[in-house]
Amino acid sequence: MASEAIVELVAQDIVTTLKAVSVDRGDFTTLQVFRNDNEPPPTPRDGLCVVTDGEADALESPHRHAQWMQHYEITVFRSRSQKSAESVQTHLSNTWGDVAKALKTDPTRGGYALFTYRDPPTRPVAGELDR
1 MASEAIVELV AQDIVTTLKA VSVDRGDFTT LQVFRNDNEP PPTPRDGLCV VTDGEADALE
61 SPHRHAQWMQ HYEITVFRSR SQKSAESVQT HLSNTWGDVA KALKTDPTRG GYALFTYRDP
121 PTRPVAGELD R
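The sequence shown begins at 1 in our numbering and counts up one residue at a time.
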């Protein structure tokens, strides 16, 4: 049996970690995680989290092994009832906080990565959903 590539093990860990985000464990949201590996994602719905593998950047290493930075894009779809007292920005910030908190629990992704670096959300798109 062939072993998984390290980059695949890191991706699997990210997906597993995000699948644990749940209001049942004290988070603000529950995520339904989908890994986008050449399949179209499901129809966007509240809590859908799509993990997409990005490009890898080679890094200079003083050691005799390869190092690279693997990029992943995490997209979370959120909707909020117009009856909610919570602002759209608070709703989005709480969701980003849940994702960041989950990824911080093990920045080495099970020992397969040196660290996990998170960029802040780039373009949160706020929208209202009538319920």
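Idealized CB from N, CA, C, for every residue including glycine.
Inset, instruction - Classify residue 43 as buried or exposed, calling it buried when 16 or more other Cβ atoms lie within 10 Å of its own Cβ. - result: Result: exposed.
Inset, instruction - Report yes or no: is there a C-beta of chain B within less than 8 Å of the C-beta of residue 100? - result: In summary, chain B is missing from the structure at hand, where a single protein chain is found.
Inset, instruction - Answer yes if the stretch 46 to 65 comes into contact with the stretch 29 to 38, meaning at least three C-beta pairs across the two stretches below 8 Å, and no otherwise. - result: The answer is yes - the stretch 46 to 65 touches the stretch 29 to 38, with three or more Cβ pairs under 8 Å.
Legend entry - With 16 other Cβ atoms within 10 Å as the buried cut-off, status of residue 63: For residue 63, the number of other beta carbons within 10 angstroms of its own is below 16, and it is reported as exposed.
Legend entry - Inside the stretch 29 to 105 only - beta strand (DSSP E) runs reaching at least 3 residues: The stretch 29 to 105 contains these whole beta strand (DSSP E) runs: 32 to 36, 48 to 59, 67 to 76.
Legend entry - 8 Å contact criterion, which residue 70 and residue 7 should meet: CB distance rounded: With 8 Å as the limit, residue 70 and residue 7 qualify as a contact, their Cβ atoms being about 5 Å apart.
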